[in-house]
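> Take this structure, written in structure tokens, and hold onto it; I'll ask about it next.
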Amino acid sequence: MTTVTVHDAIIYYLGDGFWTILSLISILILLFRQRPSGRIRIILWAFFSVIILYNPISLKVITKAVEPLTYYRFFWILPGGIIITLALISLAYSLSNRFLSGMLVAAFFVFLSQAAVSFVSLPSFEIPSNAYELGNDIFQIEEAISNDKKTDMPVVAMPSPVQMEYRTYDAAVSSAIRKEVYQGMVKKEYTYTGKNKRRKAEYALGALLDGYRLIDSDKARKSLSVLGADYAISPRNGDIYQVLTDAGCVELVTTDSYVIYTCVAN
């Protein structure tokens, strides 16, 4: 999702229109169950939330700093599931008859089971292959680096797909190319025109390791040196392999999808 609207973000957060409607109904139930002073607070909070955050202008400003899809996280402060649960409890509590309260709750869950879409029924659903929900490459990379590393916290230059997952499994490495820099690279097509040496090295190496652009071996060697990389990881690509080996890197291990190098250029 390269562009996003406030409506898109709501649907992405809540899942589909069913949950959006159910959440709105629940908010109305809670609103009318409040005392007048409570209603005023809810209305004011809703009003200022829309004025400050949940509007197209704020969306445009925010997505200048972060990737568009990240905007949906601002809806985390609106806990849809909790709001729906509170509304159900409030309605059940308002009934003096316990039997009717129980019937209301039971009826709600019957309705929910019939109207909602189960997560496991989605086409994209699949049972994770392991408890970490990571591909085999991550485990193979971690094993290779752990068996070879000479320092407690080696610096590793990784392609962005590996970087997004690797440190969730092994935090005992330092990323040569920072996450926030990688996010900026994509927007700027891996092109940097500034004078910051480290940033220039990150962009050059990121373009190479993500397979976006080849660089010469001398530039690769200088970039690895500036970033202090002990290891580099690249896709199994012959052109990238040639650049890195010509830059002085030595192949350590080949996994299913990647090649791990020791960076002797340092």
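Quick note: to get the numbering used here, add 1392 to the position in the sequence shown (first position is 1). Glycine residues also receive a C-beta, built at the ideal position from the N, C-alpha and C atoms. None of the values given here were measured: they were computed from a predicted structure.
For Ala1523, does the three-state DSSP call read helix, strand or coil?
Within the sequence shown, the letter at position 131 stands for residue 1523. In this structure, Ala1523 counts as coil in the three-state DSSP scheme.
> Tell me the rounded alpha-carbon separation between Ile1632 and Lys1456.
Reading the sequence shown from its first residue, position 240 is the one you call residue 1632. Reading the sequence shown from its first residue, position 64 is the one you call residue 1456. So the two alpha carbons sit approximately 32 Å from each other.
> Is it the case that the Cβ atoms of Leu1423 and Ile1413 are separated by a distance below 8 Å?
In the sequence shown, residue 1423 corresponds to position 31, counting from 1. In the sequence shown, residue 1413 corresponds to position 21, counting from 1. Going by C-beta atoms, Leu1423 is not nearer than 8 Å to Ile1413.
> Which residue from Gln1555, Lys1542 and Val1442 puts its Cα closest to that of Ile1402?
Residue mapping note: residue 1402 aligns to position 10 of the sequence shown, counting from 1. Of Gln1555, Lys1542 and Val1442, the residue nearest in Cα terms is Val1442.
> Going by CA-CA distance only, name the one from Glu1594, Glu1535 and Ser1617 that's closest to Tyr1574.
On the sequence shown, residue 1574 is found 182 positions in, with the first residue counted as 1. When only C-alpha atoms are compared, the closest one is Glu1594.
> Under 8 Å, do Val1398 and Leu1451 count as touching if we go by C-beta distance?
Counted from its first residue, the sequence shown places residue 1398 at position 6. Counted from its first residue, the sequence shown places residue 1451 at position 59. A contact, by the Cβ cut-off of 8 Å.
> In whole angstroms, give me the CA-to-CA distance for Glu1643 and Arg1570.
Counting from 1 along the sequence shown, the entry for residue 1643 is found at position 251. Counting from 1 along the sequence shown, the entry for residue 1570 is found at position 178. Between Glu1643 and Arg1570, the C-alpha separation is close to 23 Å.
> Kindly list the residues whose CB is nearer than 6 Å to the CB of Val1645, restricted to its own chain and excluding five residues on each side of it in sequence; keep chain order.
Position 253 of the sequence shown holds residue 1645. Cβ neighbours of Val1645 beyond the five flanking positions: Ala1536 and Ile1652.
> Taking the straight line between their C-alpha atoms, what separation do you get for Gly1620 and Tyr1404?
Here residue 1620 refers to the residue found at position 228 when the sequence shown is read from its first residue. Here residue 1404 refers to the residue found at position 12 when the sequence shown is read from its first residue. So the alpha carbons of these two residues sit roughly 40 Å apart.
> How long is the line joining the alpha carbons of Lys1589 and Pro1546, rounded to whole angstroms?
If you number the sequence shown from 1, residue 1589 lands on position 197. If you number the sequence shown from 1, residue 1546 lands on position 154. Distance between the alpha carbons of Lys1589 and Pro1546 is about 21 Å.
> Can you tell me where the alpha helix (DSSP H) with Leu1422 in it begins and where it stops?
Counting from 1 along the sequence shown, the entry for residue 1422 is found at position 30. That run of the alpha helix (DSSP H) goes Gly1409 to Phe1424.
> Can you name, in chain order, every residue of its own chain whose Cβ lies under 8 Å from the Cβ of Asn1658, other than the five neighbours on each side?
For this step, residue 1658 is matched to residue 266 along the sequence shown. Low confidence applies here, because Asn1658 scores a pLDDT of 48, under 50, leaving its location unreliable and the question unanswered by this model.
> Name the two residues that bound the continuous beta strand (DSSP E) containing Ile1403.
On the sequence shown, position 11 is the one that residue 1403 refers to. Looking at the DSSP string, Ile1403 is not in any beta strand (DSSP E); the run it does join, the alpha helix (DSSP H), is Val1398 to Leu1406.
> Which same chain residues, not among the five before or five after Ile1444, have their C-beta less than 7 Å away from its C-beta?
As a working note, residue 1444 is residue 52 in the sequence shown. Same-chain partners within the cutoff: Ser1450.
> With DSSP collapsed to three states, give me the class of Ala1639.
Here residue 1639 corresponds to residue number 247 of the sequence shown, with the count starting at 1. Here Ala1639 sits in coil by DSSP.
> Under 8 Å, do Val1502 and Ala1484 count as touching if we go by C-beta distance?
Taking the first residue of the sequence shown as position 1, residue 1502 is located at position 110. Taking the first residue of the sequence shown as position 1, residue 1484 is located at position 92. No, Cβ-Cβ distance for Val1502 and Ala1484 is not below 8 Å.
> Pull up the distance between the alpha-carbon of Val1396 and that of Leu1461, whole angstroms please.
Taking the first residue of the sequence shown as position 1, residue 1396 is located at position 4. Taking the first residue of the sequence shown as position 1, residue 1461 is located at position 69. Spanning the two alpha carbons is a distance of roughly 7 Å.
> Check Met1393 in the structure and name its three-state DSSP category.
Here residue 1393 is taken as the residue at index 1 of the sequence shown, counted from 1. Legend: pLDDT at Met1393 = 46, less than 50; position of this residue unreliable, value from coordinates given subsequently. Reduced to three states, the DSSP call for Met1393 is coil.
> To which residues does DSSP link Tyr1653 through a beta bridge?
The residue you call residue 1653 lines up with position 261 of the sequence shown. Beta-bridge pairing links Tyr1653 to Ala1624 and Glu1643.
> Can you name, in chain order, every residue of its own chain whose Cβ lies under 7 Å from the Cβ of Leu1636, other than the five neighbours on each side?
The count along the sequence shown starts at 1 and reaches residue 1636 at position 244. Within the same chain, Leu1636 has close Cβ partners Ala1612, Ala1624, Ser1626 and Tyr1653.
> By the three-class DSSP mapping on this structure, what secondary structure does Ala1370 have?
A query on residue 1370 cannot be resolved here, the shown segment of the chain reaching from 1393 to 1658 and no further.
> Consult DSSP for Asn1447 and reduce its assignment to one of helix, strand or coil.
Sequence index remark: in the sequence shown, residue 1447 carries index 55 (1-based). Note: Asn1447 maps to coil in three-state DSSP.
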